[in-house]
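Everything on this sheet refers to the single structure shown next.
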Amino acid sequence: MLEAAIVAARLLQYSGAAVLFGTALFCAFALPPRTLLPGARALVASGALVLCLASLGLIAAQASLFAGSFHDGLTREALAAVATEMDLGKAALVRAAVAAVAFVLVLLFASPRKPRWRAVAGLSAVAAASLAWLGHAGASVGPLAPWQLIADVVHVLAACAWIGALPGFLLLARAGSRDHGRRLLHRALAGFAGTGSVLVALLLMTGLANALFLIGPDHLVDVWATDYGRALAAKLVLFAAMLLLAANNRWRLTPALARLPGPAAAGALRRSIALEGLAGIGVLAAVAWLGTLPPPALV
Amino acid sequence: MTPIRTLIALAGGAALAVAAPALAHTRLISSNPAANATVKAPAAITLQFSERLVPTFSKFDLSTAHHTVVPVRTAVSADGQQIVGTPTAALAAGEYTVTWTAASVDGHRINGHFNFKVG
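Sequences listed follow chains A and B, in order. Letter by letter, the first sequence follows residues 1 to 299 of this note's numbering. Letter by letter, the second sequence follows residues 1 to 119 of this note's numbering.
Structure follows, in structure tokens:
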């Protein structure tokens, strides 16, 4: 029960951060010029709100786990101990505060112009980066610890940028008149291709580095028999599904939309992007679970 | 130890530190009384840990072989790496079990137990 509350709080934080940082980044950089994206403000604001509340919720869940029960954990003393004495609590408090500021900033937008989206994206990058302290890298010591944290920060930011761009594309597919919306969608998708490749490369490199740190060369074979290995396998399968869907979007569905910009091509893309988003949520769920399991290098 | 041996030991230690997995592993290093030791009634029971602990979540219970709880006041030391417990009355002869639980600053929760004998 306590473990489930922690996994839930972690999943909500990852999802909130992906929407807050990733979708704001999408609006700031991936949107064709002078495009207004209806619904983006509401979406990014909800991401900020979810991130803020889930970060506070995580402090409560961790306090309950450490104290042994919700009854003993939801006390002033236990909550203060997590929030002020533990690194993951301090990071959660910073994250909640930054997310709250981002929430207000997004709501105050009179007209969602790009410079303001850049400000939101910059601010929420801090909140997303602090998620690295939520994982095992935050608990590292030794000469390699800073590198592990840097790899984790890059990994989290790249993952949020990718997953958070997906709802942006879905909103864009509905924007404006139908023909106009399809043209915008095609332009944004074609423009995102290079960024997407960079994100995948970053994810693969930092993911590999993290795997070496957390699994260790001695456990590459026996890790798959543990819960940690099973959660990691689930994550990798879902990641591979995202890659396949993204490749299909890029090399088949996007060119098809350019050739024949009709409802069929746009619908196929929408369905494929939605599916990619679902796989993305699955990846985040696997990560939420992974963080509560002891990595083989620790055992 | 000769200077050369010290150097070799230091170099070996440094190599180990670099090669070891870069993960903190909070654990109980030692205790006084030690596990399974037979001692005279101790005024205090001390548990030494490898990392800094969060005082609110770090304590232990003391019980007899008949599972009777023995009152003990525990506190975490100033450096954060020890839990020190003082029995409120002198311990009578017999087997005792220390059941401890601790949370480290880096977010790990660990627990365990060990026995000692007063005799």
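A virtual CB, placed ideally from N, CA and C, is assigned to each residue, including glycine. Since the model is a prediction, treat every value here as computed from it, not as a measurement.
Length of the line joining the Cα atoms of residue i and residue j
i	j	result
Val69 (chain B)	His219 (chain A)	42 Å
Ala22 (chain B)	Leu51 (chain A)	With a pLDDT of only 42 at Ala22 (chain B), under 50, the local geometry of the prediction cannot be trusted, and no value is derived from it.
Pro294 (chain A)	Gly107 (chain B)	12 Å
Ala45 (chain A)	Val120 (chain A)	10 Å
Arg52 (chain B)	Asp79 (chain B)	7 Å
Val200 (chain A)	His155 (chain A)	10 Å
Gly112 (chain B)	Ala63 (chain A)	20 Å
Ala161 (chain A)	Thr75 (chain A)	37 Å
His66 (chain B)	Thr26 (chain B)	30 Å
Leu105 (chain A)	Ala97 (chain A)	12 Å
Thr327 (chain A)	Ala5 (chain A)	Past the boundaries of the shown model lies residue 327 (chain A); chain A is included only from 1 to 299, so the question cannot be answered.
Asp61 (chain B)	Leu202 (chain A)	48 Å
Val221 (chain A)	Arg116 (chain A)	48 Å
Ala151 (chain A)	Ala231 (chain A)	20 Å
Lys90 (chain A)	Leu269 (chain A)	41 Å
Asn115 (chain B)	Gly68 (chain A)	23 Å
Trp251 (chain A)	Leu278 (chain A)	20 Å
Val39 (chain B)	Pro296 (chain A)	38 Å
Val72 (chain B)	Thr88 (chain B)	6 Å
Gly47 (chain A)	Gly262 (chain A)	32 Å
Ala9 (chain A)	Tyr228 (chain A)	19 Å
Ala128 (chain A)	Ser55 (chain A)	11 Å
Lys114 (chain A)	Leu25 (chain A)	10 Å
Ala18 (chain A)	Leu131 (chain A)	11 Å
Ala246 (chain A)	Cys27 (chain A)	19 Å
Leu212 (chain A)	Ala233 (chain A)	15 Å
Ala41 (chain B)	Val98 (chain B)	14 Å
Ala102 (chain A)	His71 (chain A)	32 Å
Phe239 (chain A)	Thr206 (chain A)	14 Å
Cutoff 9 Å: residue i Cβ touching any chain B Cβ
i	result
Ala8 (chain A)	no
Met1 (chain A)	no
Gln300 (chain A)	As shown, chain A starts at 1 and ends at 299. That puts residue 300 (chain A) outside it, with no answer to give.
Proximal residues of chain A, C-beta to C-beta of residue i below 7 Å
i	result
Arg109 (chain B)	Leu65, Phe66
Neighbour list for residue i in chain A, Cβ cutoff strictly below 8 Å
i	result
Phe57 (chain B)	Phe66, Ala67, Ala78, Ala81
Ala103 (chain B)	Phe66, Met86
Val76 (chain B)	Under the 8 Å cutoff, chain A gives no residues; its nearest Cβ is about 11 Å from Val76 (chain B).
Within-9 Å CB hit, residue i to chain A
i	result
Val72 (chain B)	no
Asp106 (chain B)	yes
His113 (chain B)	no
Val69 (chain B)	no
Val54 (chain B)	yes
Ala93 (chain B)	no
Contacts that residue i makes with chain B (C-beta to C-beta distance below 7 Å)
i	result
Asp222 (chain A)	The premise fails here: Asp222 (chain A) is roughly 15 Å from chain B at the closest Cβ pair, so nothing lies under 7 Å.
Proximity winner among the options, relative to residue i (alpha-carbon distances)
i	options	result
Asn248 (chain A)	A:Leu123, A:Leu212, A:Leu25, A:Ala265	A:Ala265
Arg271 (chain A)	A:Val104, A:Ala128, A:Ala188, A:Pro167	A:Pro167
Arg34 (chain A)	A:Arg230, A:Arg187, A:Ala231, A:Gly216	A:Arg187
Leu171 (chain A)	A:Ala274, A:Tyr14, A:Gly196	A:Ala274
Ala190 (chain A)	A:Leu149, A:Leu144, A:Leu203, A:Leu257	A:Leu257
Val287 (chain A)	A:Glu3, A:Val7, A:Met1, A:Leu2	A:Val7
Trp147 (chain A)	A:Leu31, A:Leu214, A:Ala40, A:Gly68	A:Leu214
Val198 (chain A)	A:Pro143, A:Ala159, A:Glu77	A:Ala159
Val153 (chain A)	A:Leu134, A:Gly262, A:Ala165, A:Ala100	A:Leu134
Val237 (chain A)	A:Asp227, A:Glu77, A:Gly280, A:Arg178	A:Gly280
Val126 (chain A)	A:Leu260, A:Pro38, A:Phe21	A:Phe21
Pro55 (chain B)	B:Gly119, B:Val84, B:Val98	B:Val84
Leu123 (chain A)	A:Ala145, A:Ala100, A:His136	A:Ala100
Lys117 (chain B)	B:Ser104, B:Ser30, B:Ala34	B:Ala34
Ser15 (chain A)	A:Thr292, A:Leu290, A:Val283, A:Ala78	A:Val283
Thr292 (chain A)	A:Leu37, A:Leu244, A:His136	A:His136
Lys59 (chain B)	B:Pro42, B:Leu28, B:Asn36	B:Leu28
Ala75 (chain B)	B:Glu95, B:Ile45, B:Ser50, B:Leu91	B:Ile45
Ala145 (chain A)	A:Leu244, A:Gly57, A:Asn210	A:Asn210
Ser104 (chain B)	A:Ala81, A:Leu253, A:Leu11, A:Arg41	A:Ala81
Asp87 (chain A)	A:Gly73, A:Glu77, A:Ile59	A:Ile59
Ile163 (chain A)	A:Leu184, A:Arg182, A:Thr195	A:Thr195
Ala285 (chain A)	A:Leu253, A:Gly216, A:Lys235, A:Met1	A:Lys235
Unbroken alpha helix (DSSP H) runs of length 4 or more, entirely within the stretch 102-171 of chain A: which are they?
114-129
Start-end ranges of the alpha helix (DSSP H) lying completely within the stretch 45-98 of chain A, minimum 4 residues:
70-73, 76-85
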